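Accompanying notes for the structure given below.
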Amino acid sequence: MSGVHLICLGELLGSQKKILFVVQELKAAGDVWLLSNYDSQEDIVYPNDPKVKIKVDDDVKQLYREIELPKDMVDIEKDLQKNGMKPATNTAKRKAAMQVQGAQSKQKQKKKREFTKRTKLTNAHMPELFK
Numbered sequence: 020m021s022g023v024h025l026i027c028l029g030e031l032l033g034s035q036k037k038i039l040f041v042v043q044e045l046k047a048a049g050d051v052w053l054l055s056n057y058d059s060q061e062d063i064v065y066p067n068d069p070k071v072k073i074k075v076d077d078d079v080k081q082l083y084r085e086i087e088l089p090k091d092m093v094d095i096e097k098d099l100q101k102n103g104m105k106p107a108t109n110t111a112k113r114k115a116a117m118q119v120q121g122a123q124s125k126q127k128q129k130k131k132r133e134f135t136k137r138t139k140l141t142n143a144h145m146p147e148l149f150k
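When we follow my numbering, the leftmost residue of the sequence shown carries the number 20, and every step to the right adds one.
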């Protein structure tokens with residue numbers, strides 16, 4: 020990729036106050052691509068060179084669309100780990116925590132408020148009941 024110039028968005032943000040607005044305008048106009056980078060957790064701004072046209076064959080598009088992903092995130096995370104990748108989330112741990120938290124909230128039900136001798140019961144809006 021010689022000749023391709025890219026800019027880390029984090030570097031731009033320190034240089035000018037309105038740079039994020041400018042980058043968003045350039046992206047909306049189609050002049051740049053704004054892509055996330057997993058390594059640095061920052062977006063990278065790439066120029067959109069109109070000379071370079073990328074054409075994807077219909078066969079490749081069809082193959083991509085036919086790929087079925089597991090419905091459950093736990094299965095996806097297991098597949099990632101099987102292939103030597105570390106998932107960004109831990110769905111099994113989160114589900115277990117939610118179940119524990121749900122069980123605790125069921126145990127902590129509020130007591131029904133009882134009336135004491137000091138509680139004054141009045142229905143001032145219904146005086147006909149007290150005659």
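Where is the CB? At the ideal position from N, CA and C, for every residue including glycine. In this text, all values refer to a predicted model and were calculated from it rather than measured experimentally.
Going by the beta-carbon positions, is the gap between residue i and residue j smaller than 8 Å?
i: Leu99; j: Pro106; result: yes
i: Met54; j: Tyr65; result: The residue you asked about is not Met; residue 54 is Leu in the sequence shown. The answer is yes: Cβ separation under 8 Å.
Could you say which of the options lies nearest to residue i if we only look at CA atoms?
i: Asp68; options: Ala116, Tyr83, Lys46, Asp62; result: Lys46
i: Glu96; options: Ile86, Thr108, Glu85; result: Thr108
Please look up how many angstroms separate the CB atoms of residue i and residue j, rounded, as I've assumed it's under 8 Å.
i: Val93; j: Ala115; result: About 11 Å; that fails the 8 Å criterion.
Counting C-beta neighbours from all protein chains within 10 Å, is the total for residue i 16 or more, i.e. buried, or is it exposed?
i: Asp62; result: buried
i: Val42; result: buried
i: Glu44; result: exposed
i: Val51; result: buried
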